[in-house]
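Numbering (our numbering), first residue to last: -8 to 485.
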Amino acid sequence: MEKTFYITTSIDYVNGKPHIGHALEKVQTDAIARYNRLLGRKVFFVTGTDEHGTKIARAAKERGIEIPEFVENNRQVFVDMDKELDISYDFFISTSDKDQHWESCKKIWMKLKDKGDIYKKKYKGTYCVGHEAFVTPKDLNKDGVCDIHNAAPEIVEEENYFFKLSRYTTQIKRAIEDEEMVIWPKERKNEIVSLLEQGLEDVSFSRPKDKLEWGIPVPDDKDHTIYVWADALVNYLSAIDYESEGAKFEFWPADIQVVGKDILRFHAAIWPAMLLSAELKLPKKIATHGFISVEGIKMSKSLGNVIDPFDVIKDYGTDAIRYYLLAEISFAKDGDFSYDRLKERYNGDLAFGLGNFISRITTLGERHVKGSLGDEPSEKTKEQIKQYFDKYNECMEGLRINEAISAIQLLIGFGDKKINESRLWELPEKDQETFEKELNDLAHIASTVALMFLPIIPSSSKEILKRLGISDIERKDEWKFLFKSGDPLFSHRD
Ligand code: MSP
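Written out as structure tokens, the structure is:
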């Protein structure tokens, strides 16, 4: 049987429109999904939207729009963003989808309840609507305000259903330490382990219906609504038909779940506890990405510095934004977006670097080769290709996408040097045989570059392969090069 590979992004709140941070997570996950497809794995890639909760209900009311309509409109913008970013998801989940999601959510609730892990308790606490979570004084600043959402939490006194999270602390800690569930990168793992060492408290898993109408009703108590995180986390199961446990459920456990650093705690504590309670396997890896700032400043609506991915795509194109997010930002770390840096990367790496390299090869090939080339490359070229390709694979497997891109750049550099040192453009007049031998080597380099770039900048890579006359990337040994030049792949920006 083919090896399955299940990969997910977090699901975005639809209280507003997507920003470049949302785009970052989708592009990172997409690159990994595409890479794994190239390896021949049977990939299932899920993304979607988180559509319940107070935050969304309030945002709709503020705009005077009915909640379902508001949610639908905003969801569409996320779907459109994914399309524009060339996100190759296999399934898009929406938590307000009753058929796909609600039944799975109710099913897991009943499993937890049957296990004795759900109980009712009177509770007084402080709720941050921005977080959609109860917060404690240590989550707030000295004035009792949540710094992230710039608002004081609401005092809540109610009777809620609670989930016995505390019961699973030791088991989760062990699973993380033994790497049954890898928390990546290591620094994040250490953070979570020290959190677990302090112990976990039980969490509220419902809100009274009169306080939270917009959500999934608790299965056997219509006066309560399932707490938004207890609802949202289940998306990873409902997307693969947990309710019926049909054929798609073979994808569980997930291989990689990509989340932002701010929501790691939910995924490294509540989520595994729910799975343990429901007697399901834990995801193999939670990969945590950093946050993106803009020109060195935290992105925020109040500062008015939010970057709209659609604007960047309109100016530079899909592959340029994908390239920037993947090459400039290290997956595990915080990163920055700046138009100057984007232009630099675009002109330097794409227009001048990759674009020029491909154009030199295809133009000379089209002009001076009759028919096609297709010999094996020279030993030295073969060796160099292998060296960079191995490095690339190692980095992609390790989610070090930016380093994988550096390996591609080095291979382009090797190719460029080869063109210059052989004075390739002068060879056709002097020695056709040497010219064809050199060009054949370069075509192997260029095709490998395109192959390596497929998960990063898919449409440009496909165009490059087309200009080199390659239709079947799988059959590397049978590559025949038929050169065709064309418009610049990336035109220089002033
Ligand atoms: N709905 C929850 C997730 C539920 S998963 C079961 C949520 N939504 S969100 O819209 O607020 O965030 C979605 C993702 O975007 C999260 O992984 C979050 O970390 C990420 N980002 C939000 N702002 C970001 C940046 N500025 N930079 C990078 N990613 C950021 O949380």
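Every residue gets a Cβ at the ideal spot worked out from N, C-alpha and C, and that includes glycine.
Distance between beta carbons of aspartate 232 and phenylalanine 240, contact taken as under 8 Å: Yes, they are in contact, since the Cβ atoms of phenylalanine 240 and aspartate 232 sit about 6 Å apart, within 8 Å.
Applying the criterion that 16 or more other CB atoms from any shown protein chain within 10 Å of the CB defines a buried residue, is alanine 398 buried or exposed? buried
Identified DSSP bridge partners for histidine 483: DSSP output for histidine 483 lists no bridge partner at all.
Residues in its own chain within less than 6 Å of alanine 441 by CB, not counting five upstream and five downstream? Result list for alanine 441: Ser452, Ile455, Leu456, in chain order.
Any heavy atom of the ligand MSP closer than 7 Å to the CB of glycine 251? yes
In whole angstroms, give me the CA-to-CA distance for phenylalanine 83 and serine 413. 50 Å
If you follow the alpha helix (DSSP H) that threonine 183 is in, where does it begin and where does it stop? For clarity, residue 183 is isoleucine in the given sequence; the question names threonine instead. That run of the alpha helix (DSSP H) goes 177 to 188.
Counting only runs that start and end within the segment -2 to 72, where is the beta strand (DSSP E) found for 3 or more residues in a row? 33 to 41
Glutamate 150 to histidine 280, Cα distance in whole Å? Looking at the two C-alpha atoms, the distance is approximately 36 Å.
Distance between glycine 295 and asparagine 65 (C-alpha atoms, nearest Å): Approximately 20 Å, taken between the alpha carbons.
Give a single yes or no on whether methionine 72 has its beta carbon closer than 7 Å to a heavy atom of the ligand MSP. no
Measuring alpha carbon to alpha carbon, tell me which of Lys409, Tyr379, Glu16 ends up nearest leucine 401. Tyr379
Flag glutamate 16 as yes when its Cβ comes closer than 7 Å to any non-hydrogen atom of the ligand MSP, and as no otherwise. yes
Who are the Cβ neighbours of alanine 24 in its own chain at under 7 Å, not counting the five residues just before and after it? Ile(-2), Val34, Phe36, Ser79
Give the C-beta separation of aspartate 490 and serine 482 to the nearest angstrom, bearing in mind that I take them to be a contact with Cβ-Cβ under 8 Å. Not covered by the structure: residue 490. The range shown for the chain is -8 to 485.
Please determine, among Gly339, Leu390, Arg484, Ile109, the residue with the shortest C-alpha to C-alpha distance to alanine 493. The displayed coordinates of the chain run from -8 to 485. Any statement about residue 493 would go beyond what the structure contains.
Nearest to glutamate 424 by alpha carbon, out of Cys386, Lys408, Gly356, Met443? It is Gly356.
With a threshold of 7 Å on Cβ separation, who are the neighbours of valine 18 within its own chain once the five nearest residues in sequence on each side are excluded? Leu76, Arg313, Leu316, Leu317
Between glycine 12 and the ligand MSP, is the CB less than 7 Å from at least one heavy atom? yes
For the segment 110 to 188, which segments carrying the alpha helix (DSSP H) assignment without a break, of at least 4 residues, lie completely within its bounds, in sequence order? Fully enclosed alpha helix (DSSP H) runs of 4 or longer: 160 to 168, 177 to 188.
Look at the Cβ atom of glycine 326, then the Cβ atom of glutamate 319, and state whether they are nearer than 8 Å. yes
With three or more beta-carbon pairs closer than 8 Å as the criterion, would you say the segment 84 to 91 touches the segment 116 to 135? no
Do valine 249 and alanine 278 come within 8 Å of each other at the CB atom, strictly closer than that value? yes
Identify which residue in Ile298, Thr372, Gly362 has its Cα closest to the Cα of glutamate 286. Ile298
Check for me: the beta strand (DSSP E) holding glutamine 248 runs from which residue to which? 247 to 251
Based on Cα-Cα distance, which residue from Asp340, Val194, Asn6, Asn27 lies nearest to alanine 51? When Asp340, Val194, Asn6, Asn27 are compared, the shortest CA-CA separation from alanine 51 is found for Asn6.
Shorter than 7 Å, the distance from the beta carbon of isoleucine 163 to the closest heavy atom of the ligand MSP, or not? no
List in chain order: all unbroken alpha helix (DSSP H) runs of 4+ residues lying wholly within the segment 240 to 325. 262 to 268, 300 to 307, 309 to 319
Leaving out the 5 sequence neighbours to the left and right, which residues in its chain are closer than 7 Å to arginine 484 when beta-carbon positions are compared? Sequence-distant partners of arginine 484 (beyond 5 residues in either direction) whose C-beta falls short of 7 Å from its own C-beta, in its chain, are Lys334, Tyr337, Asn338.
Please state if the CB of serine 1 and the CB of tyrosine 114 are separated by a distance shorter than 8 Å. In this structure, tyrosine 114 sits away from serine 1, with a CB-CB distance that is not shorter than 8 Å.
Assign threonine 439 to one of three DSSP states: helix, strand, or coil. helix
Flag this pair as touching only if the segment 92 to 99 and the segment 210 to 230 have three or more C-beta atom pairs under 8 Å; answer yes or no. yes
Beta-carbon spacing of alanine 48, isoleucine 56 below 8 Å: no
For the alpha helix (DSSP H) containing phenylalanine 196, list its first residue and its last residue. Judged by DSSP secondary structure, phenylalanine 196 falls outside any alpha helix (DSSP H); it is assigned neither H nor E.
Proline 449, DSSP secondary structure in three states: helix
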